[in-house]
């Protein structure tokens, strides 16, 4: 007798806290996790990749993809990929910050869709956060929903992919609390935009993370310079 095939979720995992929690939520719901990570010459690429590899082991992931994209380095236009643009450390900027990478999530979702179609996965997860994010336009719920429709229009008729964004309306403190409930190894996650050894503590991503832990009443387990 053939065993019932387990449902699959393609989880885009940066090595950060948000996308890691999204993957753990899918595991709790009984999905087989197919982990996808992108190296795009971001400043903390080595650290993020290390975190991803540690997290996939912790999740007992059987199938993972690590994809190298040199396109973003050629494109530049972001403080994350262009060393000539400084990462801001003075607090939240007005409008779209210089750490925004042009259409990054759209490109990531397109590649994840190809993997999902090949693997027979019904879910893609992405750890976008709309209300407590850095103001990136490709983190908006409306945009992700539109991408889902486009993906299903551009794949086989029998392919029906849902993009789950389980954190989109959560505050960072709520994300910390949910991660603790699911025993997510937060010490293996990384958020800093600038550094790979010790987090800077002053970039926008560090500020959001630190404030989330502070509001949640929990000490952040990673090391900071300040």
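In this note's numbering, the protein residues as written are 378 to 603.
Every residue, glycine too, gets a C-beta built ideally from N, C-alpha and C.
Small disclaimer: the values here were computed from a predicted structure and weren't measured.
Which runs of the alpha helix (DSSP H), 4 residues or longer, sit entirely within the region 438-510?
Within the region 438-510, the complete alpha helix (DSSP H) runs of at least 4 residues are 448-452 and 481-496.
Quick one, are the C-beta atoms of residue 462 and residue 482 less than 8 Å apart?
No, the pair does not count as a contact, with Cβ atoms beyond the cut-off.
Spell out the partners DSSP gives residue 387 in its beta bridges.
According to DSSP, which records beta bridges pairwise, residue 387 is partnered with 411 and 501.
Whether residue 476 touches residue 581 by CB criterion (8 Å):
Against a cut-off of 8 Å, the Cβ pair of residue 581 and residue 476 comes out as a contact.
Residues sharing a beta bridge with residue 576, DSSP
Bridge pairing for residue 576: 601 [DSSP].
Could you check where the beta strand (DSSP E) with residue 541 kicks off and where it finishes?
Looking at the DSSP string, the run of the beta strand (DSSP E) that includes residue 541 is 539-541.
Within the same chain, show all residues whose beta-carbon is closer than 7 Å to that of residue 517, passing over the 5 residues directly before and after it, in chain order.
Setting aside the 5 residues that flank it on each side, residue 517 is surrounded in the same chain by 507, each with a C-beta closer than 7 Å to its C-beta; the list follows chain order.
Residue interval of the alpha helix (DSSP H) (run including residue 513)
Counted as a single uninterrupted DSSP element, the stretch harbouring residue 513 is not any alpha helix (DSSP H), since DSSP gives it neither H nor E.
Smallest Cα separation from residue 526: which of 544, 560, 486 and 513?
Distance check between residue 526 and each of 544, 560, 486 and 513 places 486 closest, using alpha-carbon atoms only.
Selection from 404, 546 and 418 that minimises the alpha carbon distance to residue 384
Looking at 404, 546 and 418, the one whose alpha-carbon comes closest to that of residue 384 is 404.
With a threshold of 16 other CB atoms inside 10 Å of the CB of residue 378, please say whether the residue is buried or exposed.
Only weak support exists for where residue 378 lies, its pLDDT of 43 falling under 50; the coordinates are left without a value.
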